[in-house]
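Protein chains in written order, with this note's numbering: chain A, 580 to 864; chain B, 1402 to 1720; chain C, 269 to 773; chain D, 12 to 345. Glycine included, every Cβ here is placed at the ideal spot set by N, Cα and C. In what follows, a structure is listed as structure tokens, so that the remarks can point back to it.
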Ligand SMILES: Nc1ncnc2c1ncn2[C@@H]1O[C@H](COP(=O)(O)OP(=O)(O)OP(=O)(O)O)[C@@H](O)[C@H]1O
Ligand SMILES: Nc1ncnc2c1ncn2[C@@H]1O[C@H](COP(=O)(O)OP(=O)(O)OP(=O)(O)O)[C@@H](O)[C@H]1O
Ligand SMILES: [Mg+2]
Ligand SMILES: [Mg+2]
């Protein structure tokens, strides 16, 4: 049941989720509730494939993915910060927009539907010692300590956390709240772009409608479970990835797919219960 | 609006698909079939693409309002909707491909496939080629209809080389028909368990994930519906092809000729189902199996046995 | 015209408008270096606005700002901070989740190789704490600190930024007399170092005690200014309100009747073993105001939570002979409890909802607002109009959003709503925090009238003078326990103040 | 007047943006918009629009109910599916005359959805998992369970697909011109919601909680209890919508059939857009349904991709959020 390929497939499964969850954590720290991760990932997927296709370079594809997802996250940024719109409305709407827009673009740009791929479409290729993993996988792991340092060892991180806790206080101390919030949302968009690029050019080499299949929502849950700390978020994503990979194994021993599908969600829910239960016990009232 | 359509004197045909055509080989063949038919009968043709059960119903109703000579619907998702429309519109002729209404209707002609025969043959190839004695399948959903791509694969492999075992995995999840990353992860998982030949029935996008896993993991895969070997040359052994275009051509012709209400089943014998490797253009197909003439010879024998009735492949969907 | 020795701060003709409000109307203000300058005025007179203009939070519509004779213009607090202006805002600008050091260096952090230099930060903060005897621990989380210490963190922030001009907006609103004394000690030292201090306060005695000069604003205009030594409390009050105010009114004692509320052994556990509320028992009788004095953070919030049911606690509470320690907030209210909470904006009202709806809350299940299960629109309107009229709630009428009312009017509306219940027992918390002298007079009178109508009142206030003016009995809460009890006659500022500081335990 | 402008400006902006997209793809925008309009409201299209509006408006109302108290239920899909499968099971297995079966099935669907959503509320109250997360997470296992049921114990013997058998003739909700008679139930639910919201203490308490949660608790509103109640009503409504869906054509549960059309998400959007006000939610839901069915009609008529309407819809909401006050989180305080 447990072998190297379990971890390898868990690793593959969790990378896009990890990128998105780090984006979510960053936003959460600055007091922005970001549920548009699913849409950002999907836009990243599309950007990656389009970029790679038109330039013939997967890495330019990654850059395009980052630009596209960052641009897309402007919707949340402008809507929620400049116009003070409700981030949940904007999140739900922009997720639907991502599905509609990428489906629309796949028809108008690639002249096809459902999915786009081509044998000549460049993927990221393998990198490093672990089979089947792209450079972006390692980058996602590096992003964890990098963000932890940024949040807890860099002046920006201190200000960002202050902005998240009491924006009006931060602003009275000369910190430009708007700038920080725009910063985290756009940086989150960029991270989701990387996640989308990994999904569309790292995991596989194609774009399919709605190919994120709920990974952005899992990321939202991971932010919660990981308490918006980069390390916690990593653990949460890892837990989910392992539970999913483990679910595949359970199919192998004869459980119906409909039963194993639920495994990662149930595991996550139980983990949430346990972590909250512990916290409650340690901290009365 | 389309001037060509106005001028055409022949019958009007409408094809309704259950999901966007795009790169879906099965649906692409269906579109090809309707186009060929329209050309052949000097008629017109339209394609309505649906996305979900609600739009299937809408599109079917819209098609009925246009009163074309034949409405062609492909995909099992249409069963209930066609039954309802056929009952309500006894004058309207339907060609229902890939499935049939539970109750027969005089105005509904059905064309179904026996994919399991093709899968069985593909399994035989896998059994012959497998070094590990383990074959697998990555299939969209854990349901009898889709078991036609897994169970017969194991049976064929076992027949070709006794002792070969099958490990099927199903995609499921939030988006089973469009989750290539998950399809790839499942194929990789199978490889981790020692499987070296994987049948891919993971949807149009999903199969590409399976092929990529094969490329990375150095194992082999099988495609479905059309020749998918060019998508990943050197990795795809063979394909279970479904000649939807031919079947639609036949069906439309029969209906226009006045024969309606039948159900015709297409298998290896009727040449509705085949393997790319067994086709005349196998050599140029870029399929791995083309370079294994010995395997093809043995599989050819099995095919003949199926045609003659010496071998009967159980249909998992019947159980 | 230009004085030879320019003032440290000089505001000339400052005008600041908000939609529909002229907050500052050609205000001039000059403050010399080393001076403590008090700024007074009623609620909404424009004090905070003026100070915000000086601190770069608002841009003036007209007028100029000069520092040491040099005209400046601030687009943001960052620029003001750079120019040596620091401000402690009304209601603090601290981050509870961060440590003292982090709060202090926030916005101008020392760095080493691009990263936060925690060592340097801690060293600098420790040094400042020691030099000014602020008695803080740099590593403590601010959310764990009592209000008095938080105030010191704010001061520390200004010192860290080496502000030459310190603005303090109502810094003593939440402090006890000893804490206030300590703060003033620090302010005097800072002034002695040549810094300029601008102090906004409603408290006449404090202003008289600590400031060198005073400016009074009324309706956005300067209504009086001069050397503090030349002022009297009554004169300042008149300048603020435009009328005579009876400042030192101590209300006559009530005539207590039967016990209405009896609480026994109320306990709220704390994080590290030490309970936040420790075995507190008290009784409040009909026709009696019982005042709970104490430094904020000594269990007041827990006591209130225990009585209202907003906090789950151990112990027993009996209201009018009926045990209510199990039941919900609603059951307690039904049993005869009314409550004016400390936090008017978030707890006591719904700022986005209309005044009418805010006033209906609590009455929305009872006749006459409800008949046959349905809310009657007319009854809801009448109810609101009645309270607005009776309590003189001024604003744009019953359909105006609660949040657009001035603070004083919000307080009146909430008072009106809760007093209208005519509940046997009323819990009032900090009824006059941040409220100007005119409004205080009004609120106090209403509380006494409520008591005289035979209701029991428990008054929790950090304002010792308020406790002494109103209470028939005074309880002192210290570290979660009641450490002293005084009758109206026994209670004087000195002894009660001593008990509040733990001197009676 | 200003309200009209608040809505009109974003609508026009979205239309203009859509027109630019259309011109970019070489299509006459007027023809495309005309096709959407006639496809949505023309004699042939209105039925499609209504058929689509029933589940969307139903789900929108289901999600609006807790949203009124500021609680976001992201688990509508699970509740919808669970309601559908429960109703189906009752319709299939409970003996009795048709009408009784239909009533029991509707009831079972409602109860199943209600119980499941209430469970999410309990997760928040007792285990501290925020409602947003608990509803979302619980949704997936419910969908898996329904998939499992129609794959094994409740499978359609005649079919090889993950779908249930059809309900017997008597145990169905009849259709009127392709629209389920369940539409009356949905309208009734919305009417009841509107009255409760505007005229009862319960509706008032819900709104107070939405305005200011701490104020509501202070005023004696028991938030945990209210959460359970609102979620139960929300899930119950979602379950009822599911029950109506399976009791209507094709009279069976097909795995995934209630999920792929995105009824839940579009419903949520409608509810959010309308600030959960009962009539506003209904209007928004019908509007979205019209856009969707009009989109398909447009594609059939002009070959313009139907996704255009999805884009229009989302762009419209984003413009609305950006230009009007309807989504403002909190009115600023003095
Ligand atoms: N941001 C703002 N927007 C609109 N009006 C404001 C704003 N800030 C202050 N005001 C209004 O300006 C006037 C002056 O307010 P300011 O806060 O300066 O009063 P204050 O003297 O500090 O009162 P208090 O004693 O209550 O603190 C008031 O009418 C107030 O409502
Ligand atoms: N942010 C705001 N937006 C709109 N109107 C405001 C705002 N702040 C205050 N107002 C209005 O400005 C008027 C003056 O408010 P202000 O705070 O000066 O009241 P006030 O006369 O000082 O009363 P009080 O003594 O009760 O505080 C009030 O009627 C209030 O409704
Ligand atoms: Mg005021
Ligand atoms: Mg002020």
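Inside the stretch 1608-1687 of chain B only - alpha helix (DSSP H) runs reaching at least 4 residues: Fully enclosed alpha helix (DSSP H) runs of 4 or longer: 1645-1657.
Please name the residue in D:316, D:312 and D:274 whose C-alpha comes closest to that of residue 69 of chain D. Translated into positions along the fourth chain, residue 69 of chain D becomes position 58. When only C-alpha atoms are compared, the closest one is D:274.
Taking the alpha-carbon positions, what's the residue 67 of chain D to residue 278 of chain D distance? Residue 67 of chain D sits at position 56 when you count from the first residue of the fourth chain. Residue 278 of chain D sits at position 267 when you count from the first residue of the fourth chain. Roughly 5 Å between the two C-alpha positions.
Please name the residue, chosen from C:654, C:370 and C:450, that lies closest to residue 403 of chain C on a Cα-to-Cα basis. On the third chain, residue 403 of chain C is found 135 positions in, with the first residue counted as 1. By alpha-carbon distance to residue 403 of chain C, the top candidate from C:654, C:370 and C:450 is C:450.
Among C:287, C:400, C:360 and C:345, which has the Cα closest to the Cα of residue 419 of chain C? Stepping through the third chain from its first residue, residue 419 of chain C is reached at position 151. For the residues C:287, C:400, C:360 and C:345, the minimum Cα distance to residue 419 of chain C belongs to C:360.
Output, in sequence order along the chain, the residues in the stretch 230-245 of chain D whose CB is closer than 9 Å to any CB in chain C. Of all residues in the stretch 230-245 of chain D, 230, 231, 232, 233 and 236 have a Cβ within less than 9 Å of some Cβ in chain C.
What do you get for residue 1443 of chain B, buried or exposed, if any count of 16 or more other CB atoms within 10 angstroms of its CB means buried? For the purposes of this step, residue 1443 of chain B is taken as residue 42 along the second chain, with counting starting at 1. The residue is exposed, with fewer than 16 neighbouring Cβ atoms inside 10 Å.
Judging by CA-CA distance, which residue of C:349, C:388 and C:655 is the nearest neighbour of residue 627 of chain C? By one-based count along the third chain, residue 627 of chain C stands at place 359. Nearest option by C-alpha distance: C:655.
Under 7 Å between C-beta atoms, does residue 289 of chain D make it to chain A? The residue given as residue 289 of chain D occupies position 278 in the fourth chain. Output row for residue 289 of chain D: interface = no.
Applying a beta-carbon distance threshold of less than 7 Å, which residues of chain D neighbour residue 1542 of chain B? The residue given as residue 1542 of chain B occupies position 141 in the second chain. By Cβ distance, chain D contributes 173.
Which whole-angstrom value is the C-beta distance of residue 788 of chain A and residue 365 of chain C, which I expect to be below 8 Å? Taking the first residue of the first chain as 1, we reach residue 788 of chain A at position 209. Taking the first residue of the third chain as 1, we reach residue 365 of chain C at position 97. Not a contact, Cβ separation roughly 42 Å.
When you compare each of C:498, C:594, C:665 and C:632 to residue 210 of chain D by their alpha carbons, which one comes out closest? Against the fourth chain, residue 210 of chain D aligns to sequence position 199. Distance from the Cα of residue 210 of chain D is smallest, within the candidate group C:498, C:594, C:665 and C:632, for C:632.
Residue 766 of chain C to residue 745 of chain C, Cα distance in whole Å? To locate residue 766 of chain C, count along the third chain from 1; it is residue 498. To locate residue 745 of chain C, count along the third chain from 1; it is residue 477. If I take the Cα positions, the gap works out to 12 Å.
Give the interface partners of residue 322 of chain D over in chain A, defined as CB-CB distance under 7 Å, in chain order. One-based indexing of the fourth chain puts residue 322 of chain D at position 311. For residue 322 of chain D, the C-beta contacts it makes with chain A under 7 Å involve 676, 679, 680 and 683, in order along the chain.
Could you tell me which uninterrupted alpha helix (DSSP H) segments, each at least 4 residues in length, are contained entirely in the stretch 409-436 of chain C, listed from first to last along the chain? Taking only runs of at least 4 residues, the alpha helix (DSSP H) segments lying wholly in the stretch 409-436 of chain C are 415-428.
Residues of the stretch 357-368 of chain C with Cβ closer than 8 Å to any Cβ of chain A, in chain order: Within the stretch 357-368 of chain C, the residues whose Cβ lies closer than 8 Å to some Cβ of chain A are 357, 360, 361, 362, 363, 364, 365 and 366, listed in chain order.
Are residue 742 of chain A and residue 813 of chain A touching if we call contact CB-CB under 7 Å? Residue numbering aside, residue 742 of chain A sits at position 163 when the first chain is read from its first letter. Residue numbering aside, residue 813 of chain A sits at position 234 when the first chain is read from its first letter. Contact flag unset, no.
Kindly say whether residue 723 of chain A, judged by its beta-carbon, lies nearer than 7 Å to any beta-carbon of chain C. Taking the first residue of the first chain as 1, we reach residue 723 of chain A at position 144. When Cβ-Cβ separations below 7 Å define contact, residue 723 of chain A makes no contact with chain C.
If you drop the 5 nearest sequence neighbours on each side, which residues of the same chain put their C-beta closer than 6 Å to that of residue 606 of chain C? Sequence index remark: in the third chain, residue 606 of chain C carries index 338 (1-based). Contacts found: 686, 689, 691 and 694.
With residue 650 of chain C as the anchor, note down where its beta strand (DSSP E) starts and where it stops. The residue labelled residue 650 of chain C in the question sits at position 382 within the third chain. Where residue 650 of chain C is concerned, there is no enclosing beta strand (DSSP E), although the alpha helix (DSSP H) it sits in stretches over 645-658.
So that I know if they touch, is there some Cβ in chain D lying closer than 7 Å to that of residue 597 of chain C? Within the third chain, numbered from 1, the residue matching residue 597 of chain C stands at position 329. At a cut-off of 7 Å between beta carbons, residue 597 of chain C contacts chain D.
Whole-angstrom Cβ separation of residue 574 of chain C and residue 583 of chain C, contact assumed at under 8 Å? As a position in the third chain, residue 574 of chain C is number 306, starting the count at 1. As a position in the third chain, residue 583 of chain C is number 315, starting the count at 1. Yes, residue 574 of chain C and residue 583 of chain C are in contact; Cβ-Cβ is about 7 Å, under 8 Å.
If I measure Cβ to Cβ from residue 414 of chain C and keep anything under 6 Å in the same chain, skipping five residues before and after, which residues do I get? The residue labelled residue 414 of chain C in the question sits at position 146 within the third chain. Around residue 414 of chain C: 565.
Using a Cβ-Cβ distance under 7 Å, would residue 654 of chain A count as near chain D? As a first step, residue 654 of chain A is located in the first chain; it is residue number 75 there, counting from the start. At least one chain D Cβ lies under 7 Å of residue 654 of chain A.
Does residue 837 of chain A have its Cβ less than 7 Å from a Cβ in chain D? As a working mapping, residue 837 of chain A is identified with position 258 in the first chain. Cβ-Cβ to chain D under 7 Å: yes for residue 837 of chain A.
Are any of the Cβ atoms in chain C nearer than 7 Å to that of residue 210 of chain D? Taking the first residue of the fourth chain as position 1, residue 210 of chain D is located at position 199. It does: the Cβ of residue 210 of chain D has a partner Cβ on chain C nearer than 7 Å.
Taking 6 Å as the cut-off, does the CB of residue 72 of chain D come closer than this to any heavy atom belonging to ligand 5? Ligand 5 is absent from the structure shown, which contains only ligand 1, ligand 2, ligand 3 and ligand 4.
By the three-class DSSP mapping on this structure, what secondary structure does residue 599 of chain A have? Reading the first chain from its first residue, position 20 is the one you call residue 599 of chain A. Under the three-state reduction of DSSP, residue 599 of chain A is assigned to helix.
Give the interface partners of residue 272 of chain D over in chain B, defined as CB-CB distance under 9 Å, in chain order. Walking along the fourth chain from the start, residue 272 of chain D turns up at place 261. Correct list: 1452, 1453, 1454, 1455 and 1456.
Count the other CB atoms within 10 Å of the CB of residue 592 of chain A; is the residue buried (16 or more) or exposed (fewer)? By one-based count along the first chain, residue 592 of chain A stands at place 13. Buried: at least 16 other Cβ atoms inside 10 Å.
Under 9 Å, CB to CB, which of the residues in the stretch 338-359 of chain C have a partner in chain A? For the stretch 338-359 of chain C, which is checked against every Cβ of chain A, the residues closer than 9 Å are 344, 345, 346, 347, 348, 349, 350, 355 and 357.
Top-ranked residue by Cα proximity to residue 735 of chain C, from C:381, C:761, C:723 and C:313: As a working mapping, residue 735 of chain C is identified with position 467 in the third chain. Scanning C:381, C:761, C:723 and C:313 for the CA closest to the CA of residue 735 of chain C turns up C:761.
Cβ-Cβ distance between residue 88 of chain D and residue 682 of chain A below 7 Å: For the purposes of this step, residue 88 of chain D is identified with residue 77 of the fourth chain, where counting begins at 1. For the purposes of this step, residue 682 of chain A is identified with residue 103 of the first chain, where counting begins at 1. No.
Hey, could you find the ends of the alpha helix (DSSP H) residue 226 of chain D is sitting in? Sequence index remark: in the fourth chain, residue 226 of chain D carries index 215 (1-based). Run containing residue 226 of chain D: 224-229, per the alpha helix (DSSP H) assignment.
Taking Cβ-Cβ distances shorter than 7 Å, what residues in chain B pair up with residue 711 of chain A? By 1-based counting over the first chain, the position of residue 711 of chain A is 132. From the beta-carbon of residue 711 of chain A, the residues of chain B found nearer than 7 Å are 1589 and 1617.
If I measure Cβ to Cβ from residue 378 of chain C and keep anything under 8 Å in the same chain, skipping five residues before and after, which residues do I get? The sequence position of residue 378 of chain C within the third chain is 110, counting from 1. Excluding positions up to five away in sequence, the list reads 384, 385, 388, 389 and 392.
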